[in-house]
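Engineer:
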Amino acid sequence: MEKPVSGSAMLGQGVLRGLNLRQEEVERTLLMFLVYTLASVGLIWLELSTVGLFLDEYGADKLPWIYIASAGMGSGLGFVYSSLQKVFPLRQAIVIIFVIMAIPLFLFRWGLGLSDIKILGLSLQFITLFLMWLWVEASYVLNDLNNAITANQLFNIREIKRTYPIISSGFLVAGVISGFSLPLLLKVVGLNNVTLVSGVMVLLAAVILFYLSQRYGQSFPDSTRWTPEDEEQEFSTRNLKGPVLGYVIPLVSFFVLAEALYVLVDFQFFSQLEFQSDTAGASGIVSFLGIFEGILSVAQVLTQWFGSSRLVERTGVFVTAIVLPVGVIILGTISLIGGITGIFSVFLGFVILRFLDELFHYTLIETTGAVLFQPLPDHVRSDIQSMVNGVFEPMSTGVTGVLILITLWISRLIFPESTQTQLQSEQGLMFVGLIILMAVVWLLVVWLIRAQYVSLLVRSAERGRLSVSDIDMPQLKRNVVETLKKPGEEADKRSCIELLSQLDAKNVGETLVPLLGSLSPGLQRQSLEIMLNHPNPAYLEEIRAFTQGTLAPEVLALALRYLWLTETSPDMEQLRPYLQPQVDPVVRGTAGALILRRGDREQKAAATNTIRRMITNGQERERVMGVRALGEADYLQGLRLYLNDLLQDESLRVRCALLDVIASTHLEEYYPSLMKALCYRSTRDTALQALVRLGNEAIPLLIQQASDIYKPDLVRLQAWTALGEIGTTEALDTLIGELMISWGTTRRNILRILLKIPQDTGIEGVLDRVGRTGVEILIEQELMFIGQIYAALLDLSLETPILSDSEDEDSDTFDPFDPFDPVVPDIHAPQQLLKRALEGLEIDAVDRCFLLMKFLYPHSSVQAASFNVQSNSSSNVARGLEIIDNIVDIAHKRALISILDQHSKLEKLQNLSDLVSYQPMKPSDRLRRLLELRHFLSDWALACCFHVAKSSRWSLTAEQALMCLRHPTGFVREAVLAYLKIASERALIELLPMLQNDPDHLVANQVEELMIQLGVK
């Protein structure tokens, strides 16, 4: 009886579903969210207090120098961060980074009070404030980088998609908390002491991060970061050219302009704030900034959680990308007009611009940014993304700082006699104009990206990693139309249509129907086949006009199907002319099938006669088309009588066509024919597709076939493959259920099938049903099995035979060997065979471990690790182990690495002590122990066990011999019989009469020879 689920548990599950989290991810996600929030609160307090102090003491005209200096600071600290990981293990490096971020904050408090001390003409207070601002910018970079790297270690690539949006929202939540709390904090500790409180907050985040690094130590590599020798040159040696280069240039410009626009608005916002706050002082500036930050962060949180993804889904990537530049142009123009006419101040305009830029820069631009990198090839995408974030954006900040200085210099030349107030206003208007101009250029860059974006997607459509949310559908359709209209390779056009069908299958007719007349017959056929998956009555008239032209028979047949299957009240009499013998069999068969489906009694009779003549015709093509017509008909009437004959038809094409008919018409009495066809090479592929078409209806048949251990492995594999291709929830449930209880070849086959299901459906299905914990349990099972193999290899390597085993035999063993025969046969060859078999089992188990890891970690990384570990080169093995150390975070990672490393069997077994308790045994005892695990052994290893027992004269239990005598593999039964001849002739004499009719002729011959030798009748 199941325990009732409590209300609180149901509420908790509802919350997790709402957050799109799994139970095993909750603790890590919340702790990382807390780390990000605490550190961000401290940094935002520090930033706002630094801005207030700097503007109050020295003004905004020094800000361009900060922008220029910060350009090098970000890249420099990135280098420091990278170097730190080479010195310290990652679990230590991430904590040290936070400590490094915090220490200067305490020193800054000391420097703020030293306004009288000057160095090179600059007061120490000015230098401190200058460094504080730089440190704020650098700390933001380090905080984001540290949290991103830590999250990537704590979560695998599939978990990060669910958890990182929650973790990253910690910065937005921190903006709300720090903004509204800052005025109160100023009253409690004072402005100069905010740096101390900020340092404490960063250290609190470091403490939680330290706990995380210890609590989930398996997620972090023990060694320092390893970098391939050629990795640094990897990007520089790649040549970007053609469409990729044409896309990369505007893509980089997009992010450079976004950063430049942000810096311009930032500078003028602070300049106007300084000018407006002459009487408020530093505390007044900081309080205003705190309230502004709090309101802005609330808007950012709401936009990020509820607006960004919905806007992308409904309007597309590029409409979302132009929201910010269009908004800047509109608001900038209004501000420019208002500033010139005096309707409102330039300051108010920049407050609104700052709000808009901050709101959309960290929500919409961040949301669409990752999507814009999608069309790039996999091997350059990450490099370009790193260059944009780590080099071009900081460089853009520095260049913009220089541009600001130039603009300020020009303004003083143009308005030399203006007062400070007039100059401030005039400079503000100049910067508004510059911002509007830059936003217009940004729009042009977005247009250039859009022009290349979809064409690049079409060229790489075979990667199959795109979804509707990744692209701009209207632009995709325009590109498809252009590609199909222009002269070009038909293969490219076919890929273009295929991509469109994958991303917008229901509305594909909107694009393809107007183009049908201008396409080649092959493309017409492909288009109609895709449209038939989602027929739309809106295109009936256009399709009807299309059929009036001269069409290839296959195309005309598809067009007729579209017309008469889509219309609600079709006139089936119009199909009568297509039943004439002179009409092509493809069209004639289609017309007959349509009439059988929707015609009246008289029409159905005429169609039945037509199809009967086709399936009994002497020409193969007539019979094939006639049989295919049966598959499209709902009512076969008397045509069923011919099915048995058609199953025996001399033509393979006819028999294969009939298998499709059985599936499409759900003829249950012929399902055994489908299963039988799966066993023959000539009909296997067709039978497989027919079973897939049956969907859930075929699951019981396939399970029966796949679970039958007496069926050939290839046939069982085809049954598992069909379940994977069916891909329904029920089929996945079946596969995953079998995965949890299967072993050896069956488990390996199921794992590979699940990994091959498109769109990672199989992977997500496994993680949804058994979770990460379930996958780790399967890996642990493999490690435990490997431990048993090592124990057997160690114990069975003892070459001194133990001949006194019979002294402690249990009552269920066969008669012991004659004790008077001290001669030991040559056991070297059987033991070596067993050793090779067991080593083969180890290789298979390791292979299954790598397959299981692909459910948790990126395929490419796991594949690279597997390739290197299996190399004979020690350097390659070390490289593979380093990859595993960096990506794997299972509880027994150390044991897994030990198994893959080049250690002795005993050392590996000792490292598996948490999973396998090893006690040395006598060889005969170990062999019996190995046979207790017979369900996990391969057929050859099992046979070798009996050959070793026979050669060494070790007795086995009755259960072990009898169970293996029923083994489906013939050479295992042969090995058991050979063992029994030596071990117990009496038992063998009783068993031989029951084995005379063994299905394996080799075993049957062996039984016959033994019966003659032993005189058994």
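Residue numbers (the UniProt record's numbering): 1 to 1017. Cβ atoms here follow ideal geometry from the backbone N, Cα and C, with glycine treated the same way.
To the nearest angstrom, how far is the alpha carbon of residue 1045 from that of I208?
Structural biologist: Only positions 1 to 1017 of the chain appear in the structure, and residue 1045 is not among them; the question remains open.
Engineer: Quick one: what does DSSP say T957 is sitting in, helix, strand or coil?
Structural biologist: Taking the sequence shown and counting its residues from 1, one reaches residue 957 at position 957. Strand, per DSSP.
Engineer: Please look up how many angstroms separate the CB atoms of A206 and V95, rounded, as I've assumed it's under 8 Å.
Structural biologist: For this step, residue 206 is matched to residue 206 along the sequence shown. For this step, residue 95 is matched to residue 95 along the sequence shown. By a beta-carbon distance limit of 8 Å, A206 contacts V95. Their separation comes to about 5 Å.
Engineer: If you drop the 5 nearest sequence neighbours on each side, which residues of the same chain put their C-beta closer than 7 Å to that of P221?
Structural biologist: Stepping through the sequence shown from its first residue, residue 221 is reached at position 221. Excluding residues within five positions, the ones whose Cβ falls inside 7 Å are P89, L90, D885, N886.
Engineer: Which runs of the alpha helix (DSSP H) at least 4 residues long sit entirely within the stretch 837-876? Give them in chain order.
Structural biologist: 859-869
Engineer: Taking the alpha carbon of Q125 as the reference point, which residue from S139, W110, W135 has its own alpha carbon closest?
Structural biologist: In the sequence shown, the residue the question calls residue 125 occupies position 125. Per the Cα distances, W110.
Engineer: Would a C-beta distance cut-off of 7 Å place L658 and L646 closer than the cut-off?
Structural biologist: If you number the sequence shown from 1, residue 658 lands on position 658. If you number the sequence shown from 1, residue 646 lands on position 646. Cβ atoms of L658 and L646: closer than 7 Å.
Engineer: So does the stretch 260-270 actually touch the stretch 25-34, counting three or more Cβ pairs closer than 8 Å?
Structural biologist: no
Engineer: What residue range is occupied by the uninterrupted alpha helix (DSSP H) comprising I662?
Structural biologist: Within the sequence shown, numbered from 1, the residue matching residue 662 stands at position 662. Counting along the chain, the alpha helix (DSSP H) containing I662 begins and ends at 652-665.
Engineer: Give the straight-line distance between the Cα atoms of T729 and V555, rounded to the nearest whole angstrom.
Structural biologist: On the sequence shown, residue 729 is found 729 positions in, with the first residue counted as 1. On the sequence shown, residue 555 is found 555 positions in, with the first residue counted as 1. Between T729 and V555, the C-alpha separation is close to 35 Å.
Engineer: If the criterion is Cβ atoms closer than 7 Å, does the pair I779 and C849 meet it?
Structural biologist: To locate residue 779, count along the sequence shown from 1; it is residue 779. To locate residue 849, count along the sequence shown from 1; it is residue 849. In this structure, the beta-carbon distance from I779 to C849 falls below 7 Å.
Engineer: Using a threshold of 7 Å, state whether the C-beta atoms of F108 and T195 are closer than that.
Structural biologist: Within the sequence shown, the letter at position 108 stands for residue 108. Within the sequence shown, the letter at position 195 stands for residue 195. Yes.
Engineer: According to DSSP, simplified to helix, strand and coil, what is F415?
Structural biologist: The count along the sequence shown starts at 1 and reaches residue 415 at position 415. Coil, per DSSP.
Engineer: Measuring CA to CA, which of M921, R22, L331, E47 is closest to G179?
Structural biologist: Reading the sequence shown from its first residue, position 179 is the one you call residue 179. Closest option to G179, Cα to Cα, is E47.
Engineer: Roughly how many angstroms separate the alpha carbons of I436 and G332, rounded to a whole number?
Structural biologist: As a working mapping, residue 436 is identified with position 436 in the sequence shown. As a working mapping, residue 332 is identified with position 332 in the sequence shown. When rounded, the distance between both Cα atoms is 6 Å.
Engineer: How is the alpha helix (DSSP H) around F155 delimited, first residue to last?
Structural biologist: Reading the sequence shown from its first residue, position 155 is the one you call residue 155. Careful: F155 lies outside any alpha helix (DSSP H) and carries neither H nor E.
Engineer: Using a Cβ-Cβ cut-off of 7 Å (strictly less than) and excluding sequence neighbours within five positions of residue 1022, which residues of its own chain qualify?
Structural biologist: Not covered by the structure: residue 1022. The range shown for the chain is 1 to 1017.
Engineer: Determine the DSSP secondary structure at V202, reduced to helix, strand or coil.
Structural biologist: Walking along the sequence shown from the start, residue 202 turns up at place 202. If DSSP states are grouped into helix, strand and coil, V202 belongs with the helices.
Engineer: State the Cα-Cα distance for the pair D571 and I384, rounded to the nearest angstrom.
Structural biologist: Counted from its first residue, the sequence shown places residue 571 at position 571. Counted from its first residue, the sequence shown places residue 384 at position 384. When rounded, the distance between both Cα atoms is 60 Å.
Engineer: Would you check if the distance between the CB atom of P858 and the CB atom of V948 is smaller than 7 Å?
Structural biologist: Taking the sequence shown and counting its residues from 1, one reaches residue 858 at position 858. Taking the sequence shown and counting its residues from 1, one reaches residue 948 at position 948. No.
Engineer: How is the alpha helix (DSSP H) around E593 delimited, first residue to last?
Structural biologist: Stepping through the sequence shown from its first residue, residue 593 is reached at position 593. Note that residue 593 is Ala in the sequence shown here, rather than Glu. 585-598 is the extent of the alpha helix (DSSP H) around A593.
Engineer: By the three-class DSSP mapping on this structure, what secondary structure does D810 have?
Structural biologist: For the purposes of this step, residue 810 is taken as residue 810 along the sequence shown, with counting starting at 1. Its pLDDT being 39, under 50, D810 is placed unreliably by the model, and the measurement read from it follows with that caveat. The answer is coil: DSSP assigns D810 none of H, G, I, E or B.
Engineer: Should the stretch 128-140 be called in touch with the stretch 162-170, which here means at least 3 C-beta pairs below 8 Å?
Structural biologist: no
Engineer: Shortest alpha-carbon distance to E776 belongs to which of H892, H666, I763?
Structural biologist: If you number the sequence shown from 1, residue 776 lands on position 776. Of the candidates H892, H666, I763, the one whose C-alpha sits nearest the C-alpha of E776 is H892.
Engineer: Helix, strand or coil for Q1006? Go by DSSP, reduced to three states.
Structural biologist: The sequence position of residue 1006 within the sequence shown is 1006, counting from 1. Correct three-state label for Q1006: helix.
Engineer: So does the stretch 436-448 actually touch the stretch 339-357, counting three or more Cβ pairs closer than 8 Å?
Structural biologist: no
Engineer: Give the DSSP-derived three-state secondary structure of M572 in the structure shown.
Structural biologist: Position 572 of the sequence shown holds residue 572. In the displayed model, M572 falls within a helix according to three-state DSSP.
Engineer: Given L203, which residues of its chain have a CB within under 8 Å of its CB, disregarding the five upstream and five downstream residues?
Structural biologist: Counting from one through the sequence shown, the residue named residue 203 turns up at place 203. Excluding residues within five positions, the ones whose Cβ falls inside 8 Å are F98, V99, A102.
Engineer: Of the choices M740, Y790, P999, R588, whose alpha-carbon is the least far from that of P920?
Structural biologist: As a first step, residue 920 is located in the sequence shown; it is residue number 920 there, counting from the start. Nearest option by C-alpha distance: Y790.
Engineer: So L739 packs on I750, CB below 8 Å; how close in whole Å?
Structural biologist: What you label residue 739 is simply residue 739 of the sequence shown in a count that begins at 1. What you label residue 750 is simply residue 750 of the sequence shown in a count that begins at 1. A Cβ-Cβ separation of about 5 Å places L739 in contact with I750 under the 8 Å criterion.
Engineer: Can you give me the start and stop residues for the alpha helix (DSSP H) that G373 sits inside?
Structural biologist: Looking up residue 373 in the sequence shown gives position 373. Sequence check: residue 373 is Phe here, not Gly. That residue, F373, is in no alpha helix (DSSP H); it is neither H nor E in DSSP.
Engineer: One question on the structure: do L186 and S283 come within less than 7 Å of each other, judged by their Cβ atoms?
Structural biologist: Along the sequence shown, read from residue 1 onward, the residue named residue 186 stands at position 186. Along the sequence shown, read from residue 1 onward, the residue named residue 283 stands at position 283. Yes, the pair counts as a contact, with Cβ atoms nearer than the cut-off.
Engineer: Between which residues of its own chain and V1007 is the CB-CB distance below 8 Å, once the five residues before and five after are set aside?
Structural biologist: Here the question's residue 1007 lines up with position 1007 in the sequence shown. Here the set comprises L977, L992, L995, Q996, D998.
Engineer: Around the Cβ of V627, are there at least 16 other Cβ atoms within 10 angstroms (buried) or fewer (exposed)?
Structural biologist: For the purposes of this step, residue 627 is identified with residue 627 of the sequence shown, where counting begins at 1. Sixteen is the threshold: when 16 or more other Cβ atoms of the shown chains lie within 10 Å of the Cβ of V627, as they do, the residue is buried.
Engineer: What are the start and end residues of the alpha helix (DSSP H) that includes A557?
Structural biologist: Residue 557 sits at position 557 when you count from the first residue of the sequence shown. Here the alpha helix (DSSP H) through A557 covers 553-566.
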